[in-house]
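Quick note, our numbering runs 7 ahead of the 1-based positions in the sequence shown. Every residue, glycine too, gets a C-beta built ideally from N, C-alpha and C. I have placed the structure first, in the form of structure tokens, so that the comments after it can refer back to it.
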Amino acid sequence: MKNTVTLTDNRNGKTYEFDILNGTMGPDVIDISTFFSQTGMFTFDRGYTSTAMCRSSITYIDGVKGELMHRGYDIAYLAKNKSFLDVAYLLLNKELPNEDEYKNFKQELKKRSYIHEGMMKIFDAFPSKAHPMAVLQASVSALSAFYSDHLNMDNPDEYREMAMRIIAKIPTIAAFSYRFSRGYPIIYPNLDRGFTENFLYMLRSYPYEHVDLKPIEVKALDTVFMLHADHEQNASTTTVRAVGSTHAHPYACIAAGIGALWGWAHGGANEGVIRQLEEIGTADNVDKYIARAKDKNDSFRLMGFGHRVYKNFDPRAKVLKKMCDELISQIGINTELLKIARKIEQIALTDEYFISRNLYPNVDFYSGIILKALGIPNEMFAVIFVIGRTPGWISQWIELKEQDSIKIVRPRQLYVGEKNRTPHE
Ligand code: CMC
8 MKNTVTLTDN RNGKTYEFDI LNGTMGPDVI DISTFFSQTG MFTFDRGYTS TAMCRSSITY
68 IDGVKGELMH RGYDIAYLAK NKSFLDVAYL LLNKELPNED EYKNFKQELK KRSYIHEGMM
128 KIFDAFPSKA HPMAVLQASV SALSAFYSDH LNMDNPDEYR EMAMRIIAKI PTIAAFSYRF
188 SRGYPIIYPN LDRGFTENFL YMLRSYPYEH VDLKPIEVKA LDTVFMLHAD HEQNASTTTV
248 RAVGSTHAHP YACIAAGIGA LWGWAHGGAN EGVIRQLEEI GTADNVDKYI ARAKDKNDSF
308 RLMGFGHRVY KNFDPRAKVL KKMCDELISQ IGINTELLKI ARKIEQIALT DEYFISRNLY
368 PNVDFYSGII LKALGIPNEM FAVIFVIGRT PGWISQWIEL KEQDSIKIVR PRQLYVGEKN
428 RTPHE
């Protein structure tokens, strides 16, 4: 029997047949690409909750079981045994690197970590209060102007060069935008340090001064980067693919992805978590805010809780909670903010409202706490998410590019506006 599904239009009894496609894991998919030509109708799916927009072999999520895999490797295995750069390599090259491949990848990124001196004028032109995400987005877009060679997108060597540049330069741009916003001297990349260690060094260091970077701090930030590396077809990745479908170059696509990530419902949530904890102020106020989160007439939401796909728990949050506990116990902090966070976490995990709606702490709840414990300023949190997510975006762009043919992303709509109005004289 053919693998199809039949749809009957109850208005006239007409039937239509659609193929069912099978992936290697996850729900089957009904191919509705002929839906309009067969039925003359569109489908309606606000927020694409039931729509697969592409074929992909990069990341797999089972939201019910709370599973996340990159190229078939479970995130818990990767977090325990590998580094962020291993995962970045895996996303880009489909396999984990061996020792030589890892060394070479790290070296190639280091070589590209400097940015054109002319870009300093971009940082300088922004007001000091500019959000680093605004500076980052503009600067990534500007990379196409400063690095206008290797822009041939039909040549894999050239677009892979672009990919390496973007991954290598984004941490430098991010650190510079922060230093400029504070009026601190710029710290250039230190090629003797690893990828994550170097980023922390560029944030914290001062010329001629020794900077103390504890291994647990580097490990915690590396884990945050890794757990953000890719997440299937989320809003920013979908944006990268949508822009890529117009044949725009990766700098433009990644700049668009940064814009999509900025919002509080996505990458802005980790900053939102800390701002909310600061607003709550003391552990005694927590109950009042929990009541607000549960109140139907109040738009207030608990930042760092809930997820569109994970309806059991967020496997990234599980790893980060452990990392967060380890970091806090090793560096020995016990702030009021932490007490508030612990109280909210405990209430939300036992309260009927949160349990019945599957609202568990998500990755941003713990990454927010980790970044705060690392002394990273709130406004840099979404930027950190960008550094982590860049290899994922680039890998998704390459996958799009290397598919048989690119179909421009062009959804349809249910028009509910005025019709045939007569203009008044
Ligand atoms: N606090 C209080 N109530 C909530 C929350 C929350 N954080 N999240 C969802 N709800 C309630 C919501 O009011 C609704 O209740 P009811 O059924 O009574 O109307 C129900 O839960 C379902 O909410 P939804 O908005 O339909 O769920 P969604 O899947 O569309 O939204 C979400 C997912 C992440 C946008 C949402 O949970 C949220 O706003 N969370 C806070 C922001 C946040 O932490 N975002 C980071 C997401 S993880 C990082 C990433 O992967 O990008």
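- Alpha carbon to alpha carbon, how far is G79 from S135? Here the question's residue 79 lines up with position 72 in the sequence shown. Here the question's residue 135 lines up with position 128 in the sequence shown. Going from the Cα of G79 to the Cα of S135 covers about 44 Å.
- Going by C-alpha distance, which of K414, G311, I297 is nearest D305? Residue numbering aside, residue 305 sits at position 298 when the sequence shown is read from its first letter. It is I297 whose Cα lies nearest to the Cα of D305.
- Terminal residues of the continuous alpha helix (DSSP H) containing F206? For the purposes of this step, residue 206 is taken as the residue at position 199 of the sequence shown. From DSSP, the alpha helix (DSSP H) with F206 extends over 202-211.
- Query: When every heavy atom of the ligand CMC is checked, does at least one fall within less than 7 Å of the C-beta of M310?
  - Reply: In the sequence shown, the residue the question calls residue 310 occupies position 303. M310: yes, Cβ under 7 Å from the ligand CMC.
- Message: Need the endpoints of the beta strand (DSSP E) that E74 sits in, please.
- Response: By 1-based counting over the sequence shown, the position of residue 74 is 67. Residues 74-77.
- How would you call A27, buried or exposed, if buried means at least 16 neighbouring beta carbons within 10 angstroms? As a first step, residue 27 is located in the sequence shown; it is residue number 20 there, counting from the start. The sequence given here has Ile at residue 27, not Ala. So I27 ends up on the exposed side.
- Does the segment 371-379 touch the segment 318-327, meaning 3 or more C-beta pairs lie closer than 8 Å? Because the criterion of three Cβ pairs below 8 Å is met, the segment 318-327 and the segment 371-379 touch.
- Message: Which residue marks the beginning of the alpha helix (DSSP H) containing T357, and which one marks its end?
- Response: Taking the first residue of the sequence shown as 1, we reach residue 357 at position 350. Segment 343-357, the alpha helix (DSSP H) holding T357.
- Report the residue ranges of all alpha helix (DSSP H) runs contained in full by the segment 15-92; include only those spanning at least 4 residues, in chain order. Secondary structure within the segment 15-92: the alpha helix (DSSP H) runs of 4 or more consecutive residues, fully enclosed, are 42-46, 82-88 (chain order).
- Three-state class that DSSP yields for V218 in the structure shown: Indexing the sequence shown from 1 puts residue 218 at position 211. Residue state, collapsed to three classes: coil.
- Going by C-alpha distance, which of I391, S243, Q283 is nearest L268? Numbered from its first residue, the sequence shown carries residue 268 at position 261. Closest option to L268, Cα to Cα, is S243.
- Determine, using beta carbons only, whether K350 and A290 come nearer to each other than 8 Å. Residue mapping note: residue 350 aligns to position 343 of the sequence shown, counting from 1. Residue mapping note: residue 290 aligns to position 283 of the sequence shown, counting from 1. Taking the C-beta atoms as reference points, A290 is found nearer than 8 Å to K350.
- Query: Leaving out the 5 sequence neighbours to the left and right, which residues in its chain are closer than 6 Å to E117 when beta-carbon positions are compared?
  - Reply: Along the sequence shown, one-based indexing puts residue 117 at 110. The sequence shown places Lys at residue 117, rather than the Glu named in the question. Residues of the same chain with a CB within less than 6 Å of the CB of K117, apart from the 5 flanking positions on each side, are L198 in chain order.
- Proximity test, H77 beta-carbon vs the ligand CMC heavy atom, cut-off 7 Å: The residue given as residue 77 occupies position 70 in the sequence shown. No, Cβ of H77 sits at least 7 Å from all heavy atoms of the ligand CMC.
- Task: Taking only heavy atoms of the ligand CMC into account, decide whether any of them is closer than 7 Å to the Cβ of L366.
- Result: Translated into positions along the sequence shown, residue 366 becomes position 359. Yes; taking the cut-off as 7 Å, the Cβ of L366 has a heavy atom of the ligand CMC nearer than that.
- Find the nearest neighbour of L5 within the set G30, G201, R186, judged by alpha-carbon distance. The structure shown does not extend to residue 5, since the chain spans only 8 to 432, so no value can be given for it.
- Item | Helix, strand or coil at P178 [DSSP, three-state] | The residue you call residue 178 lines up with position 171 of the sequence shown. In this structure, DSSP gives P178 a helical state, which the three-state scheme calls helix.
- Query: Roughly how many whole angstroms lie between the Cα atoms of K303 and E165?
  - Reply: Here residue 303 refers to the residue found at position 296 when the sequence shown is read from its first residue. Here residue 165 refers to the residue found at position 158 when the sequence shown is read from its first residue. The straight-line gap separating the alpha-carbon atoms of K303 and E165 is approximately 52 Å.
- Message: DSSP three-state label for T429, please.
- Response: As a first step, residue 429 is located in the sequence shown; it is residue number 422 there, counting from the start. Shown here, T429 sits in coil according to DSSP, grouped into three states, outside any helix or strand.
- Item | Any 3 or more C-beta pairs closer than 8 Å across the segment 33-44 and the segment 204-220 | These segments do not touch.
- Candidates T429, A236, R364, N385: closest to A398 by CA position: In the sequence shown, the residue the question calls residue 398 occupies position 391. The sequence as given places Pro at residue 398; Ala does not occur at that position. When only C-alpha atoms are compared, the closest one is A236.
- Taking 7 Å as the cut-off, does the CB of D2 come closer than this to any heavy atom belonging to the ligand CMC? With the chain running from 8 to 432 in the structure shown, residue 2 is simply not present.
- Task: Just the C-alpha distance for K408 and M169, rounded to the nearest angstrom, thanks.
- Result: Position 401 of the sequence shown, counted from the start, is the residue given in the question as residue 408. Position 162 of the sequence shown, counted from the start, is the residue given in the question as residue 169. Spanning the two alpha carbons is a distance of roughly 13 Å.
- Item | Spatial distance of K72 from N319 (CA atoms) | Working through the sequence shown from its first residue, we reach residue 72 at position 65. Working through the sequence shown from its first residue, we reach residue 319 at position 312. Whole-angstrom Cα-Cα distance: 7 Å.
- For the alpha helix (DSSP H) holding A262, just list the boundary residues, first then last. The sequence position of residue 262 within the sequence shown is 255, counting from 1. Residues 257-269.
- Task: Let me know if P368 comes out buried or exposed under the rule of 16 or more other beta-carbons within 10 Å of its beta-carbon.
- Result: Residue mapping note: residue 368 aligns to position 361 of the sequence shown, counting from 1. With at least 16 other beta carbons inside 10 angstroms of its own, P368 counts as buried.
- Task: Over the uninterrupted alpha helix (DSSP H) stretch that includes T289, give me the two end residues.
- Result: By 1-based counting over the sequence shown, the position of residue 289 is 282. Run containing T289: none; DSSP gives neither H nor E here.
- Item | Through-space distance from Y109 to N88, alpha-carbon basis | Residue 88 sits at position 81 when you count from the first residue of the sequence shown. Residue 109 sits at position 102 when you count from the first residue of the sequence shown. Taking the straight line joining both Cα atoms gives about 14 Å.
- Query: Quick one: is R417 buried, meaning 16 or more other Cβ sit within 10 Å of its Cβ, or exposed?
  - Reply: Counting from 1 along the sequence shown, the entry for residue 417 is found at position 410. By the 10 Å Cβ count, R417 comes out exposed.
- Query: What number of angstroms, rounded off, separates the C-alpha of R308 from the C-alpha of I394?
  - Reply: Stepping through the sequence shown from its first residue, residue 308 is reached at position 301. Stepping through the sequence shown from its first residue, residue 394 is reached at position 387. One C-alpha to the other measures close to 26 Å.
- Message: Following a CB-centred definition, is N241 positioned closer than 7 Å to any heavy atom of the ligand CMC?
- Response: Sequence index remark: in the sequence shown, residue 241 carries index 234 (1-based). Remark: the shortest separation between the CB of N241 and any heavy atom of the ligand CMC falls under 7 Å.
- Task: Identify whether T253 lies in helix, strand or coil by the three-state DSSP scheme.
- Result: Here residue 253 corresponds to residue number 246 of the sequence shown, with the count starting at 1. It is coil, neither helix nor strand.
- Query: Under the rule that 16 or more other beta-carbon atoms within 10 Å means buried, what is E4, buried or exposed?
  - Reply: Nothing can be reported for residue 4, as the shown portion of the chain is limited to 8 through 432.
- Can you give me the Cβ contacts of F112 inside the same chain, cut-off strictly under 7 Å, excluding the 5 residues immediately before and after it? To locate residue 112, count along the sequence shown from 1; it is residue 105. Here the set comprises L92, Y96, P104.
- Cutoff 6 Å; reference R211; Cβ partners in own chain excluding five residues on either side: On the sequence shown, position 204 is the one that residue 211 refers to. Close CB contacts of R211 within its chain, under the 6 Å cut and outside five residues either way in sequence, are with V218 (chain order).
- Message: Given this structure, state the Cα-to-Cα distance separating S64 from Q283, to the nearest angstrom.
- Response: By 1-based counting over the sequence shown, the position of residue 64 is 57. By 1-based counting over the sequence shown, the position of residue 283 is 276. The alpha-carbon atoms of S64 and Q283 are separated by roughly 37 Å.
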